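The structure appears below as C-alpha coordinates.
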Amino acid sequence: MNQILKKLSKELLSGKEVAELFDNPKDFPIKLVENLSIETALNYWNEKTDFENGDCIMNNLQTFWVTNEHYCKNFEFGKISWECYEAFDAGEYIRSTDSIEIDPAEKYSKPLIEKLLKRLNLIE
48 MNQILKKLSK ELLSGKEVAE LFDNPKDFPI KLVENLSIET ALNYWNEKTD FENGDCIMNN
108 LQTFWVTNEH YCKNFEFGKI SWECYEAFDA GEYIRSTDSI EIDPAEKYSK PLIEKLLKRL
168 NLIE
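In terms of this note's numbering, the sequence shown opens at residue 48 and continues consecutively.
Written out as C-alpha coordinates, the structure is:
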(Lines of atoms letter the chains of each structure in order from A and count residues from 1; the text may use other names and numbers.)
(Lines give C-alpha, C1' and ligand atoms only; values in the text may rest on other atoms or scores of the structure.)
Protein backbone atom coordinates (compact mmCIF):
# COMPACT_ATOMS: atom_id res chain seq x y z
CA MET A 1 0.00 0.00 0.00
CA ASN A 2 2.85 2.39 0.76
CA GLN A 3 4.18 2.07 -2.81
CA ILE A 4 0.77 2.93 -4.23
CA LEU A 5 0.42 5.92 -1.90
CA LYS A 6 3.88 7.13 -2.89
CA LYS A 7 2.98 7.00 -6.60
CA LEU A 8 -0.39 8.69 -6.02
CA SER A 9 1.24 11.51 -4.02
CA LYS A 10 3.85 12.61 -6.57
CA GLU A 11 1.66 14.23 -9.23
CA LEU A 12 -1.88 14.46 -10.52
CA LEU A 13 -2.55 11.41 -12.65
CA SER A 14 -5.21 10.60 -15.19
CA GLY A 15 -7.90 8.08 -14.30
CA LYS A 16 -6.27 5.70 -16.78
CA GLU A 17 -2.88 6.03 -15.07
CA VAL A 18 -4.43 5.25 -11.69
CA ALA A 19 -6.30 2.30 -13.21
CA GLU A 20 -2.99 0.94 -14.49
CA LEU A 21 -1.48 1.37 -11.03
CA PHE A 22 -4.39 -0.73 -9.69
CA ASP A 23 -3.99 -3.37 -12.45
CA ASN A 24 -7.03 -2.15 -14.41
CA PRO A 25 -9.84 -3.54 -12.27
CA LYS A 26 -13.15 -4.27 -14.01
CA ASP A 27 -15.17 -3.23 -10.96
CA PHE A 28 -14.39 -0.23 -8.79
CA PRO A 29 -12.06 -1.40 -5.98
CA ILE A 30 -13.97 0.37 -3.22
CA LYS A 31 -12.20 -1.42 -0.36
CA LEU A 32 -8.75 -0.55 -1.74
CA VAL A 33 -9.75 3.07 -2.29
CA GLU A 34 -11.24 3.24 1.20
CA ASN A 35 -8.08 1.77 2.76
CA LEU A 36 -5.89 4.20 0.81
CA SER A 37 -8.11 7.09 1.94
CA ILE A 38 -7.91 6.08 5.59
CA GLU A 39 -4.15 5.59 5.38
CA THR A 40 -3.80 9.02 3.77
CA ALA A 41 -5.85 10.63 6.55
CA LEU A 42 -3.83 8.84 9.23
CA ASN A 43 -0.53 9.76 7.61
CA TYR A 44 -1.58 13.39 7.39
CA TRP A 45 -2.85 13.43 10.97
CA ASN A 46 0.38 11.85 12.24
CA GLU A 47 2.48 14.22 10.10
CA LYS A 48 3.94 11.38 8.03
CA THR A 49 2.74 13.18 4.90
CA ASP A 50 2.13 16.83 4.24
CA PHE A 51 -1.09 18.41 3.06
CA GLU A 52 -0.01 18.70 -0.59
CA ASN A 53 0.78 14.98 -0.88
CA GLY A 54 -2.42 13.95 0.91
CA ASP A 55 -4.45 16.26 -1.29
CA CYS A 56 -2.79 14.86 -4.41
CA ILE A 57 -3.57 11.28 -3.33
CA MET A 58 -7.23 12.05 -2.71
CA ASN A 59 -7.56 13.99 -5.98
CA ASN A 60 -6.06 11.03 -7.85
CA LEU A 61 -8.43 8.57 -6.18
CA GLN A 62 -11.45 10.73 -6.95
CA THR A 63 -10.29 11.25 -10.55
CA PHE A 64 -9.90 7.49 -10.94
CA TRP A 65 -13.56 7.04 -10.03
CA VAL A 66 -15.14 10.05 -11.73
CA THR A 67 -13.40 9.63 -15.10
CA ASN A 68 -14.66 6.06 -15.56
CA GLU A 69 -18.27 6.05 -16.71
CA HIS A 70 -18.73 2.39 -15.67
CA TYR A 71 -17.58 3.17 -12.13
CA CYS A 72 -19.75 6.29 -11.80
CA LYS A 73 -22.87 4.54 -13.04
CA ASN A 74 -22.45 1.32 -11.07
CA PHE A 75 -20.42 2.09 -7.94
CA GLU A 76 -20.27 4.74 -5.25
CA PHE A 77 -16.96 6.37 -4.42
CA GLY A 78 -17.55 5.39 -0.81
CA LYS A 79 -18.59 7.46 2.18
CA ILE A 80 -15.22 7.35 3.95
CA SER A 81 -13.29 8.12 0.77
CA TRP A 82 -15.66 10.95 -0.11
CA GLU A 83 -15.37 12.42 3.39
CA CYS A 84 -11.58 12.25 3.20
CA TYR A 85 -11.57 13.78 -0.29
CA GLU A 86 -13.78 16.66 0.89
CA ALA A 87 -11.59 17.24 3.95
CA PHE A 88 -8.53 17.74 1.78
CA ASP A 89 -10.52 19.73 -0.77
CA ALA A 90 -11.53 22.14 2.01
CA GLY A 91 -7.90 23.08 2.63
CA GLU A 92 -7.01 23.91 -0.96
CA TYR A 93 -7.69 27.64 -0.81
CA ILE A 94 -7.96 30.68 1.44
CA ARG A 95 -11.50 32.02 1.81
CA SER A 96 -12.22 35.68 1.23
CA THR A 97 -13.22 35.93 4.90
CA ASP A 98 -9.81 34.63 6.09
CA SER A 99 -6.69 36.70 6.56
CA ILE A 100 -3.73 35.91 4.35
CA GLU A 101 -1.89 34.41 7.35
CA ILE A 102 -4.47 31.61 7.66
CA ASP A 103 -3.34 28.14 6.65
CA PRO A 104 -6.50 26.66 5.12
CA ALA A 105 -5.21 23.12 5.59
CA GLU A 106 -4.86 23.68 9.33
CA LYS A 107 -8.10 25.62 9.70
CA TYR A 108 -10.36 23.50 7.49
CA SER A 109 -8.79 20.15 6.59
CA LYS A 110 -7.22 19.17 9.90
CA PRO A 111 -10.47 19.36 11.93
CA LEU A 112 -12.37 17.38 9.28
CA ILE A 113 -9.67 14.70 9.21
CA GLU A 114 -9.75 14.59 13.01
CA LYS A 115 -13.54 14.15 13.00
CA LEU A 116 -13.31 11.32 10.45
CA LEU A 117 -10.55 9.47 12.30
CA LYS A 118 -12.35 9.83 15.63
CA ARG A 119 -15.57 8.51 14.12
CA LEU A 120 -13.62 5.51 12.84
CA ASN A 121 -12.06 5.07 16.32
CA LEU A 122 -8.57 5.42 14.88
CA ILE A 123 -7.59 8.30 17.17
CA GLU A 124 -8.89 9.54 20.51
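Note that the Cβ used here is the ideal one computed from N, Cα and C, for glycine as well.
Small disclaimer: the values here were computed from a predicted structure and weren't measured.
Taken in chain order, the whole alpha helix (DSSP H) runs of length 4 or more contained in the segment 115–168 are 116–121, 126–137 and 157–166. Using a C-beta cut-off of 8 Å, the segment 61–81 makes contact with the segment 114–133, since at least three inter-stretch Cβ pairs fall below that distance. Apart from sequence neighbours up to five positions away, the residues of its chain that approach Thr-110 with a beta-carbon distance below 6 Å are Gly-62, ordered along the chain.
Thr-96 carries a coil assignment under DSSP once its states are collapsed to helix, strand and coil. Taking 8 Å as the cut-off, the Cβ atoms of Gly-138 and Tyr-118 do not count as close.
Spanning the alpha carbons of Asn-121 and Met-105 requires a straight line of approximately 20 Å. Annotated three-state conformation of Ile-170 is coil, per DSSP. In the DSSP assignment, Leu-59 falls outside any alpha helix (DSSP H) and carries neither an H nor an E.
Taking the Cα of Arg-166 as reference, the smallest distance to any Cα among Glu-99, Ile-149, Ile-85 and Glu-123 is reached at Ile-85.
Ranked by how close their Cα comes to the Cα of Tyr-91, the residues Asp-145, Asn-168, Phe-124 and Leu-52 have Leu-52 in first place.
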